[in-house]
Amino acid sequence: MKTEARITLIVLMILLGAFMLTVSGCSFKTITKSKNIVYQKAYKTSAEQQLNVFAPKKHSEHKNVLIFVHGGNWNSGKKSQYSIIGGHWARKDVVTVIVDYPLSPAADYKAMAISIAKSVKWVKENISQYGGDPDKIFLSGHSAGGHLAALVALDDHYFKNIGLENPLAGLILIDAAGLDMHGYLTEEQFEKGNTYLRTFSSDSKTWKEATPLYHLHQNMPPMLIYRGGKTYPSILKSNEKFIKALHAYAPETPYHIQKSKKHVPMITQFFNPWNRRYGEILEFMKAAESKMDLPEDKRNAAVGK
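Its first residue numbered 2, the sequence shown is counted upward by one per residue in our numbering.
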């Protein structure tokens, strides 16, 4: 599930084409870029963590907010690789936050998830300064980032431990890895020293705690889920198992399988500002907004319709 090198290569190959695409249409909208903002200070052996904010320059009212968590096998990747996506979203009137988080082997999955939760708290407390609505925060992630986004969105103890009630209006997963991390690690039986064991330990109880599948509940944020039809078998299997379990709580959850897409193209498709996924996600956000006044136990079904 390594993605950093391939994503970097694809960025270089299509950068010129992407630039040509973005010099027309909505791309003439001016945006602001606020980079390397510290959301988590360094502590003991932990390095500080930063985020980038992309926002429409002019705004008469507060906009929806999208926080994006990059992939990279839990041991690689960086926010700067996705600036082009941040710019596209800002030009579509969505205040976008792209975050870094600590990586393995220096950090385990818990430290990563804690950082993601803290980034959401920073957004909740500060995003109005950039034109974002703190009550309309959507969390999204690709690959390993999808796992972390799902874990933080579903296991509320990450927010409660930092004095915050779950503030998310919705969760958007893009070919998320690790939705059934327990099942994957149990089947693979990796030897000691494997990168996944450095991230998730060798304890099967910990694997279960790290698995979003086991944190589904009635009052979770509504979801929009994408999977590549030609993605890695482990991601295919875990997504299908996740969707099956999700059916008991939110049977109307939109689940889109892009039949021709492999794992990396599932995120690089967003380098094209006219990709249809943008419109679908905007519609999901709009539906989530309109249902926010409903009782929590009815929100998921309503958003899916």
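A virtual CB, placed ideally from N, CA and C, is assigned to each residue, including glycine. In this text the structure is predicted, and so the values were computed from the model without any measurement.
Open item on the list: To the nearest angstrom, how far is the alpha carbon of valine 95 from that of glutamate 290?
Closed with: 13 angstroms
Task: N- and C-terminal bounds of the beta strand (DSSP E) containing lysine 34 - done: 32–41
- [ ] Have a look at methionine 21 and lysine 34 and give me their C-alpha separation to the nearest angstrom.
- [x] With a pLDDT of 49 at methionine 21, under the threshold of 50, the predicted position of this residue should be treated as unreliable, and no value is reported.
Task: Inter-stretch contact at 8 angstroms, needing at least 3 Cβ pairs: the region 83–101 / the region 50–62 - done: yes
Open item on the list: I believe methionine 1 touches phenylalanine 201 by the beta-carbon criterion, under 8 angstroms. Please report the beta-carbon distance rounded to the nearest angstrom.
Closed with: Nothing in the structure corresponds to residue 1, since the chain is present only between 2 and 306.
Open item on the list: If I measure Cβ to Cβ from serine 105 and keep anything under 6 angstroms in the same chain, skipping five residues before and after, which residues do I get?
Closed with: Trp75, Asn76, Arg199 and Thr200
Task: Boundaries (first-last residue) of the alpha helix (DSSP H) holding lysine 287 - done: 277–291
- [ ] Tell me, please, whether the region 214–221 touches the region 270–286 by the rule of three or more beta-carbon pairs shorter than 8 angstroms.
- [x] no
Open item on the list: Report the start-end ranges of each beta strand (DSSP E) in the region 176–243 that is 3 residues or longer and not cut off at the edges.
Closed with: 224–229
Task: Cβ-based burial, asparagine 162 [other Cβ within 10 Å; buried from 16] - done: exposed
Task: Given lysine 209 as reference, the closest of Glu166, His148, Leu169 and Glu253 once Cα atoms are compared - done: His148
Task: Beta bridge counterpart(s) of alanine 56 as assigned by DSSP - done: Thr33
Task: Whole-angstrom distance between leucine 152 and alanine 145, CA atom to CA atom - done: 11 angstroms
Open item on the list: Rounded to whole angstroms, what is the Cα-Cα separation between phenylalanine 285 and lysine 45?
Closed with: 41 angstroms
- [ ] Could you give the DSSP three-state label for threonine 254: helix, strand or coil?
- [x] coil
TODO: Sort Leu186, Asn220, Lys193 and Thr196 by Cα distance to lysine 206 and report the nearest one.
DONE: Leu186
Open item on the list: If you follow the beta strand (DSSP E) that glycine 133 is in, where does it begin and where does it stop?
Closed with: 133–144
Open item on the list: Along the chain, where does the alpha helix (DSSP H) containing valine 121 start, and where does it finish?
Closed with: 110–127
- [ ] Drop a sphere of 10 angstroms on the beta-carbon of aspartate 204, count the other beta-carbons inside from all chains shown, and report buried for 16 or more, exposed for fewer.
- [x] exposed
- [ ] Quick one: grab the DSSP three-state call for valine 70.
- [x] strand
TODO: Tell me, to the nearest whole angstrom, how far the beta carbon of valine 124 is from that of isoleucine 68; I am working on the premise that it is less than 8 angstroms.
DONE: 6 angstroms
Task: Length of the line joining the Cα atoms of leucine 155 and glycine 171 - done: 11 angstroms
Open item on the list: If you measure between the beta carbons of glycine 133 and histidine 71, is that distance less than 8 angstroms?
Closed with: no
- [ ] Look at the Cβ atom of valine 66, then the Cβ atom of lysine 137, and state whether they are nearer than 8 angstroms.
- [x] yes
- [ ] Please report the residue range of the alpha helix (DSSP H) in which threonine 269 lies.
- [x] 266–269
TODO: For the beta strand (DSSP E) holding isoleucine 99, just list the boundary residues, first then last.
DONE: 96–100
Open item on the list: Using only the alpha-carbon positions, how far apart do lysine 80 and lysine 36 sit?
Closed with: 10 angstroms
TODO: Check whether the Cβ of glutamate 253 lies closer than 7 angstroms to any heavy atom of the ligand PLP, and answer yes or no.
DONE: The model on display carries no ligand, and the ligand PLP is accordingly not part of it.
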